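What follows is one structure encoded as structure tokens, with my remarks underneath.
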Amino acid sequence: MDFKRTLLAAALPLAFTLSSAAQALEIKFADIHPTGYPTVVAEEQLGKTLVADSNGALTFKMFAGGVLGSEKEVVEQAQVGAIQMARVSLGIVGPVVPDVNVFNMPFVFRDQAHMRKVIDGEVGDEILAKITDSEFGLVALAWMDGGTRNIYTKKPVNNPEDLKGMKIRVMGNPMFIETINAMGGNGIAMDTGEIFSALQTGVIDGAENNPPTLLEHNHYQNAKFYSLTGHLILPEPIVMSKITWEKLTPEQQTLVKKAAKAAQAQERILWDAKTASSEEKLKAAGVKFITVDKKPFYEATASIREKYGAPYADLIKRIEAVQ
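Residue numbers (mature numbering (1 follows the signal peptide of the UniProt record, and there is no 0)): -24 to -1, 1 to 299.
Shown next, in the form of structure tokens:
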């Protein structure tokens, strides 16, 4: 009898552990950026927080480097619950949730500091809510800083005239294509993973993105001129599949929101350090940073703001008013 009690006593903790493991909800997080990238580092910390603070009711696995597909493919998988969380570009969201296009318009933010104040305030929260309340199938939780996007090319670009005839890769959003077209180039939509070979083979003449992306994705090897146009300063939402969100308890939902906001704050610090070090490495690798007069580029894109900005006139005024 004592022997049976001993066996039962020994088995109970194991049974409890197996039961807990069976009930644990795995959070698969996807990001196209590589391990060590600011967003990925912050997301990994988010995962550790979720596991620890949920007492193991949530488990976490990071999939960096685009191993689960392009951003478009990741969004599609999240919409059906195959992926639980992701960081996605607004360029992907814009065609489905039109309200986010206010952030996608060229030169809507004065600079990076202005953008951060906007997303930290009422406007930023409202845009997250619009994504969540849409039919997109995702819950928007927080903002990552996607940096300031500039044009990098095989030949120097000092003004819009220099872009004439150049094929420039952009994200698959009509507004981004039209923005490059208005600036003098020929906008070509293409997934991030295709850019390197497209630059190498001459399918495109350049692309546009921030310094860490130019470095980490090795695009600088084939595009040595980086023109500081600053035409886009894009925040990027952390999202969760609504299917997954609805499986969480209210307490777990609160935990996820809190952890996402903490990741937003951490990534900002990491981003600034990464941007500075990336610029140093790019210059050491022979990339020429070109300080351009932004006014001609701003004026060239006025038609884009007029075309797409009309529905958001009041929102744009509120963005401009943020100091």
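Ideal Cβ positions, reconstructed from N, Cα and C, are used throughout, including at glycine. Note that the structure is a prediction, hence the values are computed from the model and not measured.
Taking 7 Å as the limit between beta carbons, can you name the residues of its chain near Arg294, skipping five residues before and five after?
Val99
Could you tell me the boundaries of the alpha helix (DSSP H) in which Asp96 lies?
Taken as a continuous stretch (DSSP letters only), the alpha helix (DSSP H) holding Asp96 covers Gln88 to Asp96.
At what residues does the alpha helix (DSSP H) containing Thr129 begin and finish?
Segment Leu114 to Thr129 is the beta strand (DSSP E) holding Thr129; no alpha helix (DSSP H) there.
Buried or exposed by the 16-neighbour rule on C-beta atoms within 10 Å, applied to Val268
buried
How do the stretch 215 to 228 and the stretch 124 to 132 stand: do at least 3 beta-carbon pairs fall below 8 Å, yes or no?
no
Beta-carbon separation of Glu19 and Ile214 under 9 Å?
yes
Identity of the residue in Gly42, Lys237 and Ala183 nearest Thr205 by Cα:
Put simply, of Gly42, Lys237 and Ala183 the residue whose alpha carbon is nearest the alpha carbon of Thr205 is Ala183.
Do Val94 and Phe85 count as a contact pair if the criterion is CB distance below 9 Å?
yes
Excluding the 5 residues preceding and the 5 following Ile107 in the sequence, name in chain order all residues of the same chain whose CB lies nearer than 6 Å to its CB.
Val73 and Ala116
Can you tell me whether DSSP reads Met151 as helix, strand or coil?
helix
Ignoring anything shorter than 3 residues, give me the beta strand (DSSP E) runs that lie fully in the stretch 229 to 298, in order along the chain.
264 to 266
Name the residue from Pro150, Ala28 and Gly285 whose alpha carbon lies nearest to the alpha carbon of Met166.
Pro150
Can you give the beta carbon distance from Leu139 to Met159, rounded, assuming they're within the 8 Å contact cut?
6 Å
Within 10 Å of its beta-carbon, does Thr225 have 16 or more other beta-carbons around it, so buried, or fewer, so exposed?
exposed
Using only alpha-carbon positions, find the residue among Lys37, Tyr274 and Gly12 that is nearest to Ala6.
Of Lys37, Tyr274 and Gly12, the residue nearest in Cα terms is Lys37.
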